[in-house]
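Numbering-wise (this note's numbering), the sequence shown opens with residue 16 and increments by one. All remarks here apply to the structure that follows.
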Amino acid sequence: AQDEAKAVDQKVLLEQKIDVLDQQIQLSQQTIQALDEQIGEKQTELTRAQEAEAAQRERYEERVRAMEERGKVSYLSVLFRASSFSDLLDRVSMIGEIMAYDNQVLEEMAEACRAVAQAKAALEESQSQQQEVLDQQRDQQAQRQAELAQAETVLAQIQSQTNRYGQDLAALESTEDQVAQE
16 AQDEAKAVDQ KVLLEQKIDV LDQQIQLSQQ TIQALDEQIG EKQTELTRAQ EAEAAQRERY
76 EERVRAMEER GKVSYLSVLF RASSFSDLLD RVSMIGEIMA YDNQVLEEMA EACRAVAQAK
136 AALEESQSQQ QEVLDQQRDQ QAQRQAELAQ AETVLAQIQS QTNRYGQDLA ALESTEDQVA
196 QE
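Okay, structure coming up:
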């Protein structure tokens, strides 16, 4: 009877562990679903960043082509062609604007490249987190299966002991009946 009580206690404890694992598995599943949504958002952000980068790259390439079509005109030759001091100032201002525009195009392209890199890193981080949770969930499910198997073993022991006690009781009753008849 004491062995049966221990087995029953062990079975109850295993059932509690299984319940906790079920809750952990459910939480993991919710986390995986949230990460699925996050990964979708990050993928959309990456696509947008790549499109913006392609547009900036095209703008940059147009600027380079325009510069090549005009030939190798140096800023100094433009300045030396000035016909007056005010024309010189206008040309200096124009060259400054062109240089500022070129720098802006380069900076915007660099920013677009950084945005793509950041979006890729964020997407990879979310995918890595999801893989960790998937691995954790797989471990939890394996542990749950092990606990279930152990609980089934304990249940079989309880049933075996109950059957044995029943047989012992039947044998004892049979012996009592024989003693009573004698």
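Backbone N, C-alpha and C define an ideal beta-carbon position, used for all residues, glycine too.
Using DSSP with H/G/I as helix, E/B as strand and the rest coil, what is residue i?
| i | result |
| --- | --- |
| ALA161 | helix |
| ALA97 | coil |
| GLU191 | helix |
| GLU167 | helix |
| GLU112 | helix |
| GLU126 | helix |
| GLU197 | coil |
Using only CA atoms, which one of the options lies nearest to residue i?
| i | options | result |
| --- | --- | --- |
| GLU126 | ARG106, GLU52, ARG72 | ARG72 |
| SER143 | ASP18, ALA20, ILE47 | ILE47 |
| GLU199 | MET124, GLU147, GLN119 | Since the first and last residues shown for the chain are 16 and 197, residue 199 lies out of range. |
| SER141 | ALA20, SER43, LEU50, GLN45 | LEU50 |
| GLN165 | ALA20, GLN17, LYS26 | LYS26 |
| VAL120 | VAL79, ASP150, THR59, GLU188 | VAL79 |
| GLU68 | GLY181, ALA134, TYR116 | ALA134 |
| THR59 | MET82, ASP117, GLY111, ALA137 | ALA137 |
| ASN118 | ARG74, GLU52, ASP154 | ARG74 |
Spatial neighbours of residue i within its chain, please: C-beta separation below 8 Å, excluding the five flanking residues on both sides.
| i | result |
| --- | --- |
| ARG159 | ILE33, LEU36, ASP37, ILE40 |
| GLN176 | ASP18, GLU19, ALA22 |
| ALA130 | ALA64, ALA67, GLU68 |
| ALA157 | none |
Going by beta carbon distance, what residues of the same chain come within less than 6 Å of residue i, once the five residues before and after it are set aside?
| i | result |
| --- | --- |
| ALA97 | LEU103, ARG106 |
| ALA22 | VAL169, GLN172, ILE173 |
| GLU122 | none |
| VAL148 | SER43, THR46, ILE47 |
| ASP192 | none |
In chain order, what residues of the same chain have a beta carbon less than 7 Å from the beta carbon of residue i, not counting five sequence neighbours either side?
| i | result |
| --- | --- |
| ILE113 | none |
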